[in-house]
Every structure is written in C-alpha cells, then in structure tokens.
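Chemist: Take this structure first; my questions come after.
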Amino acid sequence: MTLASPPVPLPSVAAALEAVRPGATLMVGGFGLVGAPLTLIEGLLEHPGARDLTIISNNLGEPGRGLGRLLLEGRVRKAIGSFFTSNPDVVAAYQEGRLEVELLPQGTLAEAIRAGGAGIGGFYTRTAWGTALAGGREERIIRGEPHLFYESLRADVALVRARAADELGNLVYSKTARNFNPDMATAADVVIAEVDEVVPVGALDPEEIVTPHPYVTTVVLSGKAAAR
Amino acid sequence: MTLASPPVPLPSVAAALEAVRPGATLMVGGFGLVGAPLTLIEGLLEHPGARDLTIISNNLGEPGRGLGRLLLEGRVRKAIGSFFTSNPDVVAAYQEGRLEVELLPQGTLAEAIRAGGAGIGGFYTRTAWGTALAGGREERIIRGEPHLFYESLRADVALVRARAADELGNLVYSKTARNFNPDMATAADVVIAEVDEVVPVGALDPEEIVTPHPYVTTVVLSGKAAAR
Amino acid sequence: MSVQQRIAARVAPHIPRGAVVNLGIGIPTLVADHLPLDHAYLQTENGLLGVGPTPAPDEVDPDLVHAGKQPVTARPGASYFSSSASFGMIRSGRVEIAVLGALQIDAQGRIANWAIPGRPVLGVGGAMDLLVGARTVIVATTHTAKDGAAKIVSEATFPLTAQRPVDLVVTEAATFRVTPDGLELVEIAEDHDLEWVQAHTTAPYRVAIDERGAVHA
Amino acid sequence: MSVQQRIAARVAPHIPRGAVVNLGIGIPTLVADHLPLDHAYLQTENGLLGVGPTPAPDEVDPDLVHAGKQPVTARPGASYFSSSASFGMIRSGRVEIAVLGALQIDAQGRIANWAIPGRPVLGVGGAMDLLVGARTVIVATTHTAKDGAAKIVSEATFPLTAQRPVDLVVTEAATFRVTPDGLELVEIAEDHDLEWVQAHTTAPYRVAIDERGAVHA
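Respectively, the protein sequence lines represent chains P, A, F and Y. For my numbering, add 192 to where a residue sits in the first sequence, where the first one is 1. For my numbering, add 192 to where a residue sits in the second sequence, where the first one is 1. For my numbering, add 1118 to where a residue sits in the third sequence, where the first one is 1. For my numbering, add 1118 to where a residue sits in the fourth sequence, where the first one is 1.
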C-alpha cells in the first residue's frame, strides 16, 4: 500500500534530540526506570544543548541511572514530579540549592499533564486540600466539596517510551511501562518516542492504538532494539 | 480458572433498569444512533420508573427512534447535549415548553463527562469563549488566553453500548460506536453496559480493554445478540 | 459539477500532503472527493483518525460513520478513540486543518455557523472546539445565502462561533485570505469576475490580485 | 512471622471478596500474601488492575511492576491503563479499599504519612489521591514508631495527608474503627492486652469490646 506522506521521521537519537534547547522544559515518561526512555536519556548526556532543563517526570531516576545521571551532570535546574525521595542524589541536590523542586500529588501530576495535552487550561481536584501541599492555592467548593485549582502542564519536548510504533507514528505500549507515557505524548510541542520496533502501517489494531500519530514528531529505536 | 467473586451480574434488561428511578439523571452513549444502547433504550419505554428524566447525551436520537421515542412518550424533562437539531421532535418539544435543553459544545460535553468520571470537579476550556453560548460563565485568563469554567458532569445511571464484555465486566468497543460510551462508563453511580457478547475472563487482551471492570455495574445482552 | 462540488474542489489544493484534517458537515465533507486517497489523514470528531472513502452498499458497517453520520471506511493506520480523546486532539492543535461551513463571515474573518436569530438554538456540535483548536481553519461556503444575501459581511448578524478568525474563505467565486488587517481577495474563479465578487460581498476587503489573477502580497 | 506480616495478616479479613483494592508500599503490600489468589482485584496506581503474585526470578518482566517498583504478574482479566486513567479510577471512587501505611493517626482518624518536619519534603506519591478517592481506607501500621513513640496520637505533629479520616486502623496489637465521634477500639490481638494498648496509644478512644473481646457497638 502507499502511505500518505510524510511517514513519521526515524532520525538518529542525536538528530532527534536537537529539538532540546538549553532551558527547555522536558516531560520524561516512566515510573522509576520502568517505561523510562533510557536510550533518549543517555542521548541527552551526549547533547550539549540539554542543560538548564526543567524536567517533568514522576521521579528523577535512580542514583546514577536514567534521569539520575542527568541530575549528577548538573543538567537539571528544576524538577516537577511526585516522588523524588527514592533517589538520595535528588535530596542532596535540593538541600545544596542546586535543584529546584515542585512536588505534586501523583494523580494531580498525571491530570495536569493530561489536561495540557487535551487543550484544557486548568482543573479542580479535591486531592491535597487541607494539607501543607495545598500552599496558597485557590480553593473552590464544587458540589459541596472543597477543591484546589491547578493549571495544566505542557512541555517543549516529551521523551516517551513505547513498545512499538507503526510507520505513521501510531504508538502502543507494554504493560505497566505505559504509565505516564501516553499522557506526556499528548502534552508537548515536540514528541520523541523511543520504541523497540517499527512495524508496517496496518500492523497495529486500530482499536488498540493508544497514541494516534498526530501527536508523535519523531520515532527513535531503543538501544535494546538497535543492539539486535 | 477460578474467578474472583463476584463476576459482573448479567440480569435481564428489565431487572437492570430497576436502577432508573423517576427524576433520575441518565447518561446515554452514542453519536446519533451509532453506538447508542438501543436495547436498553427500548427497555426504558417498558419501565414505569423511567420518567421525568434528565438525559445527558450528544443527541436525542432521531424522530421516533432511540431516545427520540422516549421523548415522544414524554419521559424526558431535560436534555443536556451538543446537537439536537437533527431531531425535529426535540425542536417542537422545546418550543412547546415540554423540554428543557442545556446546550454545550461537543468537546466541552465530552470533557465534562470525562472529568466527572475522573473525580475532577471542573475545568477551564477556551471553547465558546466570546460567544453567545458562554452566557454568564466565569472567565479566567490562563497562559494569556481567556477560558470558560465548566463543572464536571455525573449521572445516577449510565447506559452504554460496547461490543463485548468479559465475565468480570471489562469492556471493548466497536469502531466509531465507541464515541461517548467509555467516557460515560466512568461517570455514573450505576453503569449498565449493553453488549453483543460476553466472553470468558482472559479472552480480552489486557492492553486493549478500554473500560476496566470496576466501572461496570451490570451487563445486558443487546437485542441483536439475544436474537441470535 | 454542482456548486457544492465546485467549492470543495477549490478547497482541495489548500490541503498539504500528509496533513491531519477535519472536514465539517456539508460542503467540507465533499473535499475528500477531490483529494487523492492517501493525500491527507482525515479526522472525524466522533472518534476516528484515518477516514476512508464511502463503502459499497453491501460493505456498510453500521458502527463506522463520520460526524455527518454517513457510512465510511477506515484507512490502514487508522485509530479509534473516545469523544473526550478526540476533542483533546482537536483543542490541543493536533488537527492541522479544519474545513468548516459558515452562515456568515465578518470583516475580521470571524464566522457564524451555529445559530440563527429568532430560531431556537439547539445544536452546536464540534464547530466551536475546532475553531479554537485547529491550527488552520478554512471556510468552504457558497458565496451568498439561498436568498442571494451576502454571507461575507462587515458585521455578522448571526451569533459568532468563536472570536478566533479563520484563515481562508473559499467560495465558488473567490478565495479570501484573512490577515490581521482584514480580508484579502487572493483569487477569483475562472467563471466569475471581480465585478461579480464586488456585487456579492458586503465586507470590506483588499484586492490582492492583479488583472491577470496573480496574487501580489 | 515478622511483625509486618502479622499486621498484614490482621488486615486481610477486612478485605471483602471481589473488592477492588489498592495496597500501598510497605506493610500494605504484604496483605496480598494473606489473601487467596482470586479473592480481590488489586489495583496499582502505575497502571494495572489485576496484580498477581511475584513471578519466579526467571519469569520477571521488566515492564511489569507494582507501585513499589517490584516485579509482579497480571491475573486473567487484568487491564493496563495510563497514569491519568489510573488516578481517575482512584479519585472517582472505583477503588473500594485502599490500604495505606501511616506515620501518625490523630484522634479524628486523619493520617500523616508523607512528610517529616525538618526534613525536605520531596515525595508524596499517590497517597493523597487514594485518601480522597478510595471508598474505604484501612491503615496498616506498627502500633508505635521505631523509637517506641505512640503513632496513634491526640494531635498529629507530622503534616496530614488529607483532611478525610480513614475508616480502620490495624496494628499488630489492636484494631480501631474511626467514627464521627473519634476512635473506637474494636479488637485486641491475642498476644496483646488492653493495658499494653493503653500504654502505647496517646489518642483518646472508646473501648468498644467487652472483657471477652466481643465488640459492643
């Protein structure tokens, strides 16, 4: 069959990451290292433009692994996420004033990303109301219950991990490696997907595609796939 | 294999619809008649408790078909949706003061239902800002752009149409008959799914399930399936 | 060719290859008839990206329709999604081009296409979402209303669908580009002339074509 | 059996058959070891409903973990979903029971489990969402802190995780029900007695059991 042109570009990791400029805001998928785009994260280390970054991600990797390496190299200015305690390097960087941290409840983080990807400006959730994490946020009573206002989140670039892409850029994920990836894939101006395989158009069931191709800017092969 | 008890109940249409009480708010899936739970809608006609209803649905069926029949029988007090013009009976009922109508842009309707199903109190969208449909809604500038506030929507009962359920109540849909159904399946206290077949647990791919079973109260077979 | 088909044919060259496009009900839907099969990715807001041609009567699937509720097919690489996901895609700018009908277009390029004064307003559909979300909006409309009244007017008398102006207005007679300074006439159809356009357009516009029809920006 | 496993075993009878349950990190995770394989549907907020037992070492799938990031399996009938969908399920009450750990429980049954005064607050995870969303919340915790200090206290000195009180507090020594009037001691473990509970609980509570251990409501 013929493809509607252009199919999704399949650049090298380095070429794809040219989209990351100094000072950029990045969304990076994954829950710990599961579903994290590790090949792209390694690529960031080789990319001089990847500095002074704001990273939106549930965690900041593990000590010296994944985003944890990027942190150790001093590339991260600010982290927005829900659980950084599992990486002691984050605690140290924060205490030494090398890292700014914005902490959100995990569900609020996920919802803010999903809202950003759905063209929604902001939303109200009951989560964190009446806690120290509410800070001075605007409150609103809806159906008798107090809610907090959150703006949606968007990024310049999202780095996501999927199991496979087709040649148009449609994505499917693998088990709990899905996590934040499909939400982030909707919420950035440039979306780079790291996959284990690229399959022909028509090979993915249209009912099963999680991320439709208009969201995906480029696809790169994971190191795992490249090593095959 | 053994099932975690209880599997999803498979009552008759009449028994399932006992959950619909006079004055109830119902969400009804479908885009026109496509993906509308027609067997359940017919069941409502036989159910004396289905009166004085508020119906949240994109349309109100076609003249004398689907929800259009329910309207003709005087069971609908109020309709919340996005496009009622295709059924002249709705226009007539509205003009004669027999029907209250709340009109929302289609994307705002879908988002309000999705928000209701996700435990979100309300949200801001740019859609309809500066139009007559904005009415006196609260405005808010987010990232420099004006937005309108909408509360999320929930219902007492949702009637949805799916292709198949497994014995736990997990649902998959068929093509564009999906439309509002998965959103509504999350946003009601009682969710009744009309399906063409019930398959054994494990027969649906865990990556492909669109509505996980905790959302589904009961499953009924469509007339189409029952006629086989 | 009907006037509707002629308008649709005049819109088609404005659709770049590989674009994600949403075609509204009416004339916009006909644009697909004037595009090569795999030219663009058609999105329909009821939950399908990758709309294919109308099926043969014996191949109609009742679960597979476009937003005009007519049977369609799905192209290889298509995907299905819920209404909320579909409008998420629209509002966040992933639909590159929306082609919409209009009852009126004002001097700023804002359109009215959902309500008629004096009649009950009972339908809006997805037009408002497409107008705030799509990156480029093209209007495909007859140049005048059925009663001959101008549709491209100084000020709309019908309620606006959005404050956001569209980008291009294509009729059977002419094409207008919408600029920050207002409308620009950039093309006249072969079977019409400037005099006809002037007689049937009450909005002010700058004529940005020379006598041979070439655009001068 | 370790004290952690004994607490988990004491929580298990409170999980009804067929319930959708989220087990937090730590002692709550161990509750699964005390339930029959198909007793409940375990939801993990990283995107799986239908968590199964820990796999054999040679059957570990790196893409399949629970919220504690440990390898798990998936039961027949399981489903995977995104983080936003997972917390949608949690906030809208479709998780029937959440079992959470706690650093402190106050006299109203509110818990603190995410921050320690004087230490940087860099982790919150999903606990706040589970507390506002789950229909029933059970706390599974040691009765006292490692230093012997009471965890069930009149007023929390640690920041609260939510204003919403939990429903049940289960320790190795006792079970408290949370009522609108405060805590009720409804059960004492066989290897503990009322005196021990009194010595290690600084919150006020009503003793709702008689000398033989039967609950009197």
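Ideal Cβ positions, reconstructed from N, Cα and C, are used throughout, including at glycine.
Taking 8 Å as the threshold (C-beta atoms), are Y1159 (chain F) and K367 (chain A) in contact?
Modeler: Contact flag unset, no.
Chemist: Check whether the Cβ atoms of D1181 (chain F) and G227 (chain A) lie closer than 8 Å to each other.
Modeler: Yes, these two residues count as a Cβ contact at 8 Å.
Chemist: Spell out a yes or no on whether the segment 333 to 351 of chain A and the segment 216 to 230 of chain A are touching, meaning 3 or more CB-CB pairs, one atom from each, closer than 8 Å.
Modeler: Verdict: yes, contact present.
Chemist: Go ahead and label S1288 (chain F) buried or exposed: buried means 16 or more other beta carbons lie within 10 angstroms of its beta carbon, across all protein chains shown.
Modeler: According to the sequence displayed, residue 1288 (chain F) carries Val and not Ser. Buried, by the Cβ-count rule.
Chemist: Cβ closer than 9 Å: which chain Y residues qualify as neighbours of S414 (chain P)?
Modeler: Neighbours of S414 (chain P) on chain Y: none; closest Cβ ~12 Å, over 9 Å.
Chemist: How many Å lie between L195 (chain A) and D1156 (chain Y) at the Cα?
Modeler: Here L195 (chain A) scores only 48 on pLDDT, less than 50, and its place in the model should not be relied on; the value that follows carries that caveat. Going by the C-alpha atoms only, they are around 6 Å apart.
Chemist: Report, in whole angstroms, the separation of the C-beta atoms of H405 (chain A) and L360 (chain A), which I expect to be a contact under 8 Å.
Modeler: Between L360 (chain A) and H405 (chain A) the Cβ distance is about 4 Å, and since that is below 8 Å, they are a contact.
Chemist: Tell me which residues share the same chain as I1270 (chain F) and place their Cβ nearer than 6 Å to its Cβ, disregarding the 5 neighbours each side in the sequence.
Modeler: Contacts found: I1223, T1319 and A1321.
Chemist: Taking C-alpha atoms, which residue in P:G235, P:G224, P:I334 and P:N362 lies nearest to I248 (chain P)?
Modeler: Minimum Cα distance to I248 (chain P) is reached at P:G224.
Chemist: By DSSP, does N279 (chain A) sit in helix, in strand, or in coil?
Modeler: It is coil, neither helix nor strand.
Chemist: Applying the 10 Å Cβ sphere with the 16-neighbour rule, what's the burial state of D1151 (chain F)?
Modeler: Exposed, by the Cβ-count rule.
Chemist: Run through the DSSP bridge pairs and tell me what F1294 (chain F) is partnered with.
Modeler: Answer by DSSP bridge pairing, in chain order: F:V1287 and F:L1303.
Chemist: Is the CB of E399 (chain P) under 8 Å away from at least one CB in chain F?
Modeler: Closer than 8 Å: yes.
Chemist: Just mark S1200 (chain F) as buried or exposed, buried being the case when its beta carbon has 16 or more other beta carbons within 10 Å.
Modeler: So S1200 (chain F) ends up on the buried side.
Chemist: Hey, how far is the Cα of R329 (chain A) from the Cα of F275 (chain A)?
Modeler: One C-alpha to the other measures close to 20 Å.
Chemist: So with CB distances below 9 Å, who are the chain F contacts of P406 (chain P)?
Modeler: Those within 9 Å of P406 (chain P) in chain F are V1138, Y1159, Q1161, L1167, M1207, R1212, V1213 and E1214.
Chemist: How would you call V212 (chain P), buried or exposed, if buried means at least 16 neighbouring beta carbons within 10 angstroms?
Modeler: Looking at its Cβ environment, which holds 16 or more other Cβ atoms inside 10 Å, V212 (chain P) is buried.
Chemist: My assumption, with CB atoms under 8 Å, is that L1249 (chain F) sits in contact with T1279 (chain F). Please give the rounded CB distance.
Modeler: Confirmed, Cβ separation roughly 6 Å.
Chemist: Are the CB atoms of A1292 (chain Y) and A1274 (chain Y) nearer to each other than 8 Å?
Modeler: No, the Cβ-Cβ distance between A1292 (chain Y) and A1274 (chain Y) is not below 8 Å.
Chemist: Only counting runs of 4 or more residues, tell me where the alpha helix (DSSP H) segments fall wholly within the segment 355 to 401 of chain P, in order along the chain.
Modeler: Listed in chain order, they are 373 to 376.
Chemist: Answer with buried or exposed for S1272 (chain Y), where buried requires no fewer than 16 other C-beta atoms within 10 angstroms of its C-beta.
Modeler: Counting Cβ neighbours within 10 Å, S1272 (chain Y) comes out exposed, since fewer than 16 surround it.
Chemist: Look at the alpha carbon of P1171 (chain F) and the alpha carbon of A417 (chain A), and state the distance between them as a whole number of angstroms.
Modeler: Their Cα atoms are separated by approximately 29 Å.
Chemist: Please list, in chain order, the chain Y residues whose beta carbon lies closer than 7 Å to that of T378 (chain A).
Modeler: Result: G1206 and S1210.
Chemist: My understanding is that E1302 (chain F) touches R1324 (chain F), with C-beta atoms under 8 Å, so please give their C-beta distance in whole angstroms.
Modeler: Contact flag correct, Cβ pair sits at about 5 Å.
Chemist: Give me whichever residues DSSP pairs with Q1222 (chain Y) in a beta bridge.
Modeler: According to DSSP, which records beta bridges pairwise, Q1222 (chain Y) is partnered with Y:A1230.
Chemist: So which of F:Q1123, F:Q1122 and F:A1130 has the shortest CA-CA distance to I1095 (chain F)?
Modeler: Nothing can be reported for residue 1095 (chain F): it is not among the residues displayed for chain F, which extend from 1119 to 1335.
Chemist: Nearest CA to the CA of N250 (chain P): which residue from Y:R1228, Y:N1140, Y:Q1316 and Y:L1240?
Modeler: Nearest option by C-alpha distance: Y:L1240.
Chemist: Please name the residue in F:A1326, F:D1309 and F:I1145 whose C-alpha comes closest to that of A1220 (chain F).
Modeler: Of the listed residues, the one whose Cα sits closest to A1220 (chain F) is F:I1145.
Chemist: In chain order, what residues of the segment 301 to 317 of chain P put their CB closer than 8 Å to some CB of chain A?
Modeler: Result list: E303, A307, A310, G311, I312, G313, G314, F315, Y316 and T317.
Chemist: Which residues, in order along the segment 322 to 349 of chain P, keep a beta-carbon less than 7 Å from a beta-carbon of chain Y?
Modeler: Flagged, chain order: G322, T323, A324 and L325.
Chemist: Suppose the cutoff is 7 Å on Cβ atoms and the five residues either side in sequence are ignored; what does the same chain contact list for M376 (chain A) look like?
Modeler: Taken in chain order, the residues that qualify are M219, G221, I305, A350 and V352.
Chemist: What residues in the segment 1265 to 1285 of chain Y have a beta carbon less than 8 Å from any beta carbon of chain A?
Modeler: If the cut-off is 8 Å between Cβ atoms, the segment 1265 to 1285 of chain Y has nothing near chain A.
Chemist: Within its chain, find whatever has a CB closer than 8 Å to the CB of V1315 (chain Y); leave out the 5 residues flanking it on each side and keep chain order.
Modeler: If we look at V1315 (chain Y) and ignore the five residues flanking it on each side, its Cβ neighbours are H1261, A1291, A1292, L1303 and I1306.
Chemist: Excluding the 5 residues preceding and the 5 following L202 (chain A) in the sequence, name in chain order all residues of the same chain whose CB lies nearer than 6 Å to its CB.
Modeler: Result list for L202 (chain A): V411, in chain order.
Chemist: Which residues in the same chain have their Cβ closer than 6 Å to the Cβ of E343 (chain A), if we skip the five residues on either side of it in sequence?
Modeler: Same-chain partners within the cutoff: G314.
Chemist: With a threshold of 7 Å on Cβ separation, who are the neighbours of A1263 (chain F) within its own chain once the five nearest residues in sequence on each side are excluded?
Modeler: Once the five neighbours on either side are set aside, the close Cβ partners of A1263 (chain F) are K1269.
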